[in-house]
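Report on the following structure.
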Amino acid sequence: MKHVNSRGILPAVLLGILILFSSAGPASAQIQQRMGFQAGQVNVPGYYDLTRPGQEAVNINIWGAVRTAGYYVVPAGTDLSQVLSFSGGPATLGERRRDRRPDITVSISREMSEGRKVVYVADFNYLINETQVYPVLEDGDIVILEGEPLPRRWEARDYLSLVSTGVSVLLLVDRFIYPIARN
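This note's numbering puts the sequence shown at residues 1253 to 1435.
Below you can see the structure in the form of structure tokens.
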């Protein structure tokens, strides 16, 4: 039986997988077109233009504990609840539990004649539980979400991860280290 040289097989397999995945998906321009981007529209990470051509717009920054922080160009008249929805909402909600909610503070900073000032501060739980009129955002506003995530409860996958790690270590010792030590 002839011995196959395995040193060249692994790089060839990895190269084949790389070529397969690099050519499998549509081009970036096709993806942008499917998502509704117009030719010439800026599409960079952290920049989100949510307006239609010719529509009056305001520029806002969303910072802090949101799912997609960044620079947003939104239609004039957009309020705080809409902008929070555009950004994916708070990223620090963690596990939703009835017994405890995360403490998240939402604030709006605005350029005034005497400099930048915080013009609105609210607790996120107040925003979602109370009937109110949300503030309309102005050009140059900065929306900031600050908060701490709730600790996550241990689930079956966490225990499974520990057990599988322990089994792997035992198998390593049994199959490799123990036979070497005996010889």
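Heads up, the beta-carbon is just placed ideally off N, CA and C, and yes, glycines get one too.
- Message: Could you tell me the alpha carbon to alpha carbon distance between I1380 and F1338, rounded to whole angstroms?
- Response: 16 angstroms
- Note down, in chain order, each residue of its chain lying with its Cβ closer than 8 angstroms to the Cβ of G1341, except the 5 sequence neighbours on either side. V1318 and R1319
- Excluding the 5 residues preceding and the 5 following V1425 in the sequence, name in chain order all residues of the same chain whose CB lies nearer than 8 angstroms to its CB. none
- Query: Hey, how far is the Cα of D1331 from the Cα of Y1411?
  - Reply: 44 angstroms
- Message: Checking 8 angstroms against the spacing of the C-beta atoms, do S1359 and Y1378 come in under that value?
- Response: no
- Message: In the DSSP output, what is I1314 paired with across the bridge?
- Response: G1322 and V1395
- Query: Under a Cβ-count criterion, where at least 16 other Cβ atoms within 10 Å of its own Cβ denotes burial, should L1397 be classed as buried or exposed?
  - Reply: buried
- Message: Does the contact criterion of 3 or more C-beta pairs under 8 angstroms hold for the region 1320–1328 versus the region 1406–1422?
- Response: no
- Contact check, E1366 vs V1310, beta carbons under 8 angstroms: no
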